[in-house]
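Q:
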Amino acid sequence: MVQATARHLLVSSEEKCEALKQEILGGADFGDVAKANSSCPSSAQGGDLGSFGPGMMVKEFDEVVFNAPLNEVQGPVKTQFGYHLLEVTSRG
1 MVQATARHLL VSSEEKCEAL KQEILGGADF GDVAKANSSC PSSAQGGDLG SFGPGMMVKE
61 FDEVVFNAPL NEVQGPVKTQ FGYHLLEVTS RG
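According to full-length UniProt numbering, the sequence shown is numbered sequentially starting from 1.
Encoded structure:
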């Protein structure tokens with residue numbers, strides 16, 4: 001089965017998510033931004049979600065993680081939890 005590793009951050013508004021994306025694209029470290037802003041418990045690890053397979057995350061998340069280019073910030077991605085920025089770090 002295909003496995004992926006990814007990191008993400010979760011915020012409550014699309015505007016906040018877009019602003020954080022611009023910070024990261026401008027050179028801010030994804031992990032530092034996640035630690036400072038994400039409401040997900042993974043924020044303590046810089047947003048690192050570890051390794052997981054298809055179907056282990058919500059559908060909207062899965063679609064990005066298993067299709068997006070590696071090491072590129074994706075989002076905002078809206079799920080039932082809020083708005084995410086995602087970065088797929090490996091897949092195979």
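Virtual Cβ for every residue (Gly too), placed ideally from N, Cα, C. Every value quoted in this text rests on a predicted model; they were computed, and no experiment measured them.
Quick check on DSSP: helix, strand or coil for PRO76?
A: Here the question's residue 76 lines up with position 76 in the sequence shown. Reduced to three states, the DSSP call for PRO76 is strand.
Q: Using only the alpha-carbon positions, how far apart do VAL88 and SER38 sit?
A: For the purposes of this step, residue 88 is identified with residue 88 of the sequence shown, where counting begins at 1. For the purposes of this step, residue 38 is identified with residue 38 of the sequence shown, where counting begins at 1. Spanning the two alpha carbons is a distance of roughly 17 Å.
Q: What is the residue span of the beta strand (DSSP E) that GLY50 lies within?
A: Numbered from 1 along the sequence shown, position 50 holds the residue referred to as residue 50. Segment 48 to 52, the beta strand (DSSP E) holding GLY50.
Q: Below 8 Å, how does it come out for the segment 55 to 73 and the segment 39 to 47: are there three or more Cβ pairs, yes or no?
A: No, because fewer than three Cβ pairs between the segment 55 to 73 and the segment 39 to 47 fall closer than 8 Å, the two stretches do not touch.
Q: Assuming LEU70 contacts SER51 (C-beta within less than 8 Å), just tell me the rounded distance between them.
A: Numbered from its first residue, the sequence shown carries residue 70 at position 70. Numbered from its first residue, the sequence shown carries residue 51 at position 51. Incorrect: roughly 14 Å between the Cβ atoms, too far for contact.
Q: With distances taken from CA atoms, which of PHE81, GLN80, PRO76 and LEU86 is nearest GLU15?
A: In the sequence shown, residue 15 corresponds to position 15, counting from 1. Comparing Cα positions, the closest option is PRO76.
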